[in-house]
Amino acid sequence: MTSSLSAHGTELLLPSNLCLALLDSIPIAILGMLPKQTGPSEIFANQAARKMLDLNESSITRELIANLPFYLDTDLISAPDIKRPKESPLLMALDGCPIERRDLTLYNRAISLRSHELELDGIRLNTVLMMERDHRLFVVQRDTSDLLSSEISLRDMIAFDKLMSQLSSQLINAQSDEISGYIDNALAAVGEFCNADRAYIFEFASTGQEFSNTFEWVREGITSHIDELKNIPREALPWFYECIETEGLFLVPDTTLIPAVGKLEQQEFENEDIRSVICVGMYAQQQLIGVVGCDMVARKRHWTEADTRRLKLVGEIIANSLQSERHLRSLHATQQELIEANETLQELAQKDGLTGIFNRRHFDNIIHEEVSRLLRHEHSLTLLLLDIDFFKPFNDYYGHIAGDRALKEVAKLLTEHFRRSGEIVARFGGEEFAVLLPEVSQRDALLRAADFRAALAQIALPHETNEVSNSLTVSIGLSHLQPESIDAVEKLIQTADEALYYAKSVGRDCICYREKDEFSKYLET
1 MTSSLSAHGT ELLLPSNLCL ALLDSIPIAI LGMLPKQTGP SEIFANQAAR KMLDLNESSI
61 TRELIANLPF YLDTDLISAP DIKRPKESPL LMALDGCPIE RRDLTLYNRA ISLRSHELEL
121 DGIRLNTVLM MERDHRLFVV QRDTSDLLSS EISLRDMIAF DKLMSQLSSQ LINAQSDEIS
181 GYIDNALAAV GEFCNADRAY IFEFASTGQE FSNTFEWVRE GITSHIDELK NIPREALPWF
241 YECIETEGLF LVPDTTLIPA VGKLEQQEFE NEDIRSVICV GMYAQQQLIG VVGCDMVARK
301 RHWTEADTRR LKLVGEIIAN SLQSERHLRS LHATQQELIE ANETLQELAQ KDGLTGIFNR
361 RHFDNIIHEE VSRLLRHEHS LTLLLLDIDF FKPFNDYYGH IAGDRALKEV AKLLTEHFRR
421 SGEIVARFGG EEFAVLLPEV SQRDALLRAA DFRAALAQIA LPHETNEVSN SLTVSIGLSH
481 LQPESIDAVE KLIQTADEAL YYAKSVGRDC ICYREKDEFS KYLET
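Under our numbering, read the sequence shown as residues 1 to 525, first letter to last.
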């Protein structure tokens, strides 16, 4: 935007030989970049600027300006250490970059900078106006007519601080499910006090490589964008990230004047109808965890020190609550992971590594539990012990890999066949398997064992060294126990084992059980 010097509302177009003398006499600190016909441009500083910047040199160089000790005002940002701007704001303004800064100190004095483009005698000059800020009230004092503004500013500051004090107490004592409501109230307060169109919080992911809009307040009639602004990658807004990380503040009075480095940010602001924006970094335990900000959608805005301070206070209060909430979520997630890991370990400890069914250790635990339940509720319990017939010759003939595959097939078929509630299938050892059948009669148990043998015959796993068949077969010993013996576990296993031994002695590939005091072979029909 081109402008010209004015006094008392009247434009003054002055010839160039009078311009510098006029600028030099103005009591406001002014610096300008004067183009020269040959060689580099020369930096002009009037008397007020030389005094404010403590410059005594006759020639002011870029290096001299670059080394001026500007610092970020710690009353306006929450960065854990005192920071300097990444680049000299004076040089940026003198080079034509739009600058409006009210967050700087120089030689322990709070100052403001604002760039202007002046046109004098057809020559465009990049100039900077510097003014000292009232560090206590966050207003620029010019004359006694500003006393009313100071009084209003002080009143607003006291009211806002009181509100923040109440909010802080509420958040300290808040339950987890109350925190979001208090944060929404804080954003509404800062949005109203700053006369903004929107106020919001963006939280950085733990990796720092993306961030999301997690809370938002919007004035009536303003469009909300919170649902669209999730998991935004760092590379989508690199200039914004850099400003927040290096200076803890991102302030753009007019998004149409964003420098070329902010091209991606300018496009995003256009998408969201943002005309002016301010964001302040939120820190917890000296770590940047997000930003709190405001924006305008209808007009550009000169954000004041009071606006920055309000956002800083809100950010400080909310950051601690968000960090605590993060720790609680992290703790809960860790606890859940430990529970799941323990469950996985417990499950692995219960499972046979080859077949994936329960191992002998878990079977021994289960059978004691089942027998105890049997005695309490007077229910019956059946145990099947199965042994693959002639398995050693099978391994010798086909190899151990084929033997492992056969064990897996039998285990798979057992789990598919015995899958009713409470039924347990386990690898008992080597080529032996065990099946627990609670609350079934001996007759039903025999029928189901016979069905399993038929299913095994159906899949016909080749077994050339089997002396009773050309396919894989099993011998089964069945033990059925009624609730009458205190040594029930030992009796149940012993009887099933003896029945299995009997099955092998009578030719294998059959089911045997004990009937009274004698073992019998089940005759399948």
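For every residue, glycine included, the Cβ atom is placed at its ideal position computed from N, Cα and C.
Reference residue i, options the options, closest by Cα
i: L125; options: I476, H116, I232; result: H116
i: L91; options: V474, N56, T61, E340; result: T61
i: F44; options: D54, K51, S59; result: S59
i: Q350; options: H362, G477, E370, L413; result: H362
i: A445; options: L381, W239, L456, E432; result: L381
i: Y502; options: A110, L53, G477; result: G477
i: D396; options: F428, H463, L129, L22; result: H463
i: G28; options: A196, L345, T127, G208; result: At residue 28 the sequence reads Ile, which differs from the Gly that was named. When only C-alpha atoms are compared, the closest one is T127.
i: L414; options: V371, T355, G403, H400; result: T355
i: Q166; options: I317, L375, L385; result: I317
i: Q285; options: Q267, H327, E268; result: H327
i: F250; options: Q335, A426, Q170, L72; result: L72
i: T304; options: L383, C194, L331; result: C194
i: A49; options: L106, R102, I99; result: L106
i: L257; options: E100, T246, K162, L118; result: E100
i: L68; options: S372, P85, A449; result: P85
i: K412; options: A426, A402, I401, G399; result: A426
i: V190; options: R310, Y513, E409; result: R310
i: F269; options: T344, F240, Q47; result: F240
i: T246; options: L288, E378, E119, T207; result: L288
The beta strand (DSSP E) enclosing residue i, as first and last residue numbers
i: F363; result: Where F363 is concerned, there is no enclosing beta strand (DSSP E), although the alpha helix (DSSP H) it sits in stretches over 360-377.
i: K521; result: 518-521
i: F70; result: 70-72
i: A45; result: 42-45
i: A557; result: The question about residue 557 has no answer here: the residues shown for the chain are numbered 1 through 525.
i: S276; result: 276-284
i: L384; result: 381-388
i: Q287; result: 287-296
i: I201; result: 198-204
i: L125; result: 123-132
Inter-residue CB distance, residue i and residue j (contact presumed, cutoff 8 Å)
i: L472; j: I388; result: 7 Å
i: F418; j: L385; result: Incorrect: roughly 13 Å between the Cβ atoms, too far for contact.
i: F519; j: T465; result: Going by Cβ atoms, the distance from F519 to T465 rounds to 27 Å, so no, they are not a contact pair.
i: E132; j: R114; result: Actually they are not in contact, since the Cβ atoms of E132 and R114 sit about 13 Å apart, beyond 8 Å.
i: G248; j: A93; result: With 8 Å as the limit, G248 and A93 do not qualify as a contact, their Cβ atoms being about 20 Å apart.
i: A488; j: L383; result: Actually they do not touch by this definition, with Cβ atoms about 11 Å apart.
i: F433; j: V410; result: 7 Å
i: Q530; j: Y522; result: Residue 530 is absent from the structure shown; the chain starts at 1 and stops at 525.
Alpha helix (DSSP H) segment containing residue i, residue limits
i: I244; result: 238-247
i: P89; result: 89-94
i: F394; result: 391-398
i: V314; result: 305-350
i: F452; result: 442-459
i: T191; result: At residue 191 the sequence reads Gly, which differs from the Thr that was named. Looking at the DSSP string, the run of the alpha helix (DSSP H) that includes G191 is 179-193.
i: F269; result: 263-271
i: S505; result: 488-505
Distance, residue j Cα to residue i Cα
i: V280; j: K83; result: 14 Å
i: I201; j: N342; result: 37 Å
i: A66; j: L53; result: 12 Å
i: D81; j: E235; result: 26 Å
i: N271; j: M296; result: 13 Å
i: E515; j: E347; result: 37 Å
i: C510; j: S475; result: 5 Å
i: V261; j: E57; result: 33 Å
i: A111; j: F70; result: A small correction: the amino acid at residue 111 is Ile; Ala does not occupy that position in the sequence shown. Their backbone Cα atoms lie some 10 Å apart in a straight line.
i: G181; j: L264; result: 33 Å
i: E423; j: S330; result: 39 Å
i: L171; j: I179; result: 6 Å
i: T308; j: D227; result: 26 Å
i: A188; j: E340; result: 41 Å
i: V506; j: A457; result: 19 Å
i: L104; j: S88; result: 11 Å
i: P238; j: R420; result: 60 Å
i: W217; j: E203; result: 15 Å
i: T334; j: G430; result: 39 Å
i: L64; j: Q175; result: 54 Å
i: R376; j: Q482; result: 12 Å
i: L22; j: D95; result: 22 Å
i: S4; j: E242; result: Low confidence applies here, because S4 scores a pLDDT of 42, under 50, leaving its location unreliable; read the following figure in that light. C-alpha separation (whole angstroms): 34 Å.
CB contact check: residue i to chain C, cutoff 7 Å
i: F390; result: The question asks about chain C, but that chain is absent: this structure has only one protein chain.
message: Is it the case that the stretch 208-222 contacts the stretch 231-244, given that we only count it when at least three CB pairs across the two stretches are under 8 Å?
response: Contact between the stretch 231-244 and the stretch 208-222 is present: 3 or more CB-CB pairs across the two stretches fall below 8 Å.
query: Can you find at least 3 beta carbon pairs, one from the stretch 294-305 and one from the stretch 313-329, that sit closer than 8 Å?
result: Touching, no, given that fewer than three Cβ pairs across the two stretches are closer than 8 Å.
message: Below 8 Å, how does it come out for the stretch 185-201 and the stretch 216-223: are there three or more Cβ pairs, yes or no?
response: Judged by Cβ distances under 8 Å, the stretch 185-201 makes contact with the stretch 216-223, as three or more pairs qualify.
field: At least three beta-carbon pairs within less than 8 Å, the stretch 365-374 to the stretch 489-497
entry: With a cut-off of 8 Å, the stretch 489-497 and the stretch 365-374 count as touching, because enough Cβ pairs lie within range.
message: With a threshold of 8 Å, are at least 3 pairs of Cβ atoms found where one atom belongs to the stretch 240-256 and the other to the stretch 268-278?
response: With a cut-off of 8 Å, the stretch 268-278 and the stretch 240-256 count as touching, because enough Cβ pairs lie within range.
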